[in-house]
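Note that our numbering has the sequence shown beginning at 2, numbered continuously upward.
Quick reminder that beta carbons are idealized off the backbone N, C-alpha and C, glycines included.
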Amino acid sequence: MQPAWLSLAIASTVAYHVILKMTPAGANPLLSLMVTYGSVALLFAAVLVLAPGDFAWREEARQLNWTAVALALAIIGLDLGFILLYRSGFEVSLGALVTQTAAAMLLVGIGVLVFRE
Numbered sequence: 002m003q004p005a006w007l008s009l010a011i012a013s014t015v016a017y018h019v020i021l022k023m024t025p026a027g028a029n030p031l032l033s034l035m036v037t038y039g040s041v042a043l044l045f046a047a048v049l050v051l052a053p054g055d056f057a058w059r060e061e062a063r064q065l066n067w068t069a070v071a072l073a074l075a076i077i078g079l080d081l082g083f084i085l086l087y088r089s090g091f092e093v094s095l096g097a098l099v100t101q102t103a104a105a106m107l108l109v110g111i112g113v114l115v116f117r118e
């Protein structure tokens, strides 16, 4: 199943950068991202409700910790950073390459030092 998930991640990354680059320059980036994440919340709620099997809200919620909020903050930084990067004239052909290369180099160190990989 890994090739399928890898393909999904790659296709979604490409779509992410192309869509951010195409977001109208006159659109307020904060409003645009608010609409985006409002839509994401509604779609996830629908998928959660329609997913097969039982879902125990209280038990599932107890499994959550600070990482859910931390990920939200990271996503805000990621999205806002890229949309403003592209609006400043940075090329979409270089945006992902530069940021992903730098992130990969940092993650190698984090993987070794923090996760003992």
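Straight-line Cα distance separating residue j from residue i
{"i": "Ala-97", "j": "His-18", "result": "7 angstroms"}
{"i": "Val-99", "j": "Gly-54", "result": "42 angstroms"}
{"i": "Ala-52", "j": "Ser-89", "result": "41 angstroms"}
{"i": "Trp-6", "j": "Arg-63", "result": "27 angstroms"}
{"i": "Phe-83", "j": "Ile-76", "result": "11 angstroms"}
{"i": "Phe-47", "j": "Ala-57", "result": "Phe is not the amino acid found at residue 47; the sequence shown has Ala there. Rounded to the nearest angstrom, the two C-alpha atoms are 16 angstroms apart."}
{"i": "Ser-40", "j": "Leu-49", "result": "14 angstroms"}
Cβ shell of residue i (< 7 angstroms), same chain only, five flanking positions each side left out
{"i": "Asp-80", "result": "Leu-34"}
{"i": "Leu-86", "result": "Gly-96"}
Proximal residues to residue i (C-beta, below 6 angstroms), its chain only, five neighbours per side dropped
{"i": "Val-93", "result": "His-18 and Lys-22"}
| query | So does the stretch 63-73 actually touch the stretch 14-28, counting three or more Cβ pairs closer than 8 angstroms? | reply | no
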